[in-house]
Amino acid sequence: MAIKSTIYKIDLQIADMDRNYYAQHNLTLARHPSETDERLMVRIIAFTLYANEALSFGKGLSDDEEPDLWQKDLTGAILLWMDVGLPDEREIRKACGKSAQVAVVLYGGRVVDMWWAQNSKALQKLNNLTVINLPDTAALTNIANRGLSISCTIQDGQILVGHETGSFDITPIKLK
Numbered sequence: 000m001a002i003k004s005t006i007y008k009i010d011l012q013i014a015d016m017d018r019n020y021y022a023q024h025n026l027t028l029a030r031h032p033s034e035t036d037e038r039l040m041v042r043i044i045a046f047t048l049y050a051n052e053a054l055s056f057g058k059g060l061s062d063d064e065e066p067d068l069w070q071k072d073l074t075g076a077i078l079l080w081m082d083v084g085l086p087d088e089r090e091i092r093k094a095c096g097k098s099a100q101v102a103v104v105l106y107g108g109r110v111v112d113m114w115w116a117q118n119s120k121a122l123q124k125l126n127n128l129t130v131i132n133l134p135d136t137a138a139l140t141n142i143a144n145r146g147l148s149i150s151c152t153i154q155d156g157q158i159l160v161g162h163e164t165g166s167f168d169i170t171p172i173k174l175k
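FYI, in numbering that gives the first Met the number 0 the residues of the sequence shown are 0 to 175.
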């Protein structure tokens, strides 16, 4: 018998001063059995970085043909395709052909540096691609739980994450 996804209810308050975007989102996320708490929380931060009313979570790990997050227009055309983790370079090129904009949010510490060294030359050629590294995600993992209320304030490219027991900063590094 297959293990079922775990459902997470997230109350996310976003104050993005860099984009003048202020909103509250009540998110319901399904955590795939093979997904870690860290990856789930990075998906939430990825949502925060590009948040708008049309951005939604895709099937991600459950379906190779869908991204972790995406935004479509009213005709169904993909405006933004977002992947989290260390995707295959061929998959990124394929996504760049399907979508107006592609964003990849990397995490994993030193492994990211090796992945970027291996793939950066080919990825630099893709004009509609943005690559962001989240260098330290341990604090995110520590606050993960099925009923989470967090606030994210973005100012000058830095994210202040507030939660029930405190707060911490995340500084995304834009690689491309």
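Think of the CB as a built atom: it goes at the ideal place given N, C-alpha and C, for glycine as much as any other residue.
By the neighbour-count definition (other C-beta atoms within 10 Å, threshold 16), Tyr7 is a buried residue. Between Asp15 and Ala50 the beta-carbon gap is near 7 Å, inside 8 Å, which marks them as a contact.
A contact between stretches requires three or more CB pairs, one per stretch, nearer than 8 Å, and the stretch 140–158 fails this requirement with the stretch 90–97. Between Leu122 and Glu88, the CB-CB gap stays under 8 Å. Nearest to Ser166 by C-alpha distance, out of Thr152, Gly156 and Gly146, is Thr152. Less than 8 Å divides the Cβ of Ile9 from the Cβ of Leu147.
Within its own chain, the residues whose Cβ lies closer than 6 Å to the Cβ of Asn118, once the five positions on either side in sequence are excluded, are Glu88, listed in chain order. When DSSP assignments are scanned along the stretch 11–59, the uninterrupted stretches of beta strand (DSSP E) that are 3 or more residues long and fall wholly within it turn out to be 20–30 and 54–56. With distances taken between CA atoms, Lys3 lies nearest to Ser33 out of Tyr21, Leu159 and Ser33. Asp67 sits in coil when the DSSP states are folded into three classes, being neither helix nor strand. Unbroken beta strand (DSSP E) runs of no fewer than 3 residues, entirely contained in the stretch 120–164, are found at 128–133, 146–154 and 157–162, following chain order. DSSP places Ala76 outside any beta strand (DSSP E), giving it a letter other than H or E. CA-to-CA, the gap between Lys58 and Glu65 works out to about 6 Å. Residue environment analysis places Asn19 among the exposed positions, since fewer than 16 neighbouring C-beta atoms fall within 10 angstroms of its C-beta.
Rounded to the nearest whole angstrom, the CA to CA distance from Asp67 to Lys124 is 23 Å. Residue environment for Gly84: buried (at least 16 other C-beta atoms within 10 angstroms of its C-beta). In the structure shown, the three-state DSSP call for Lys97 is helix.
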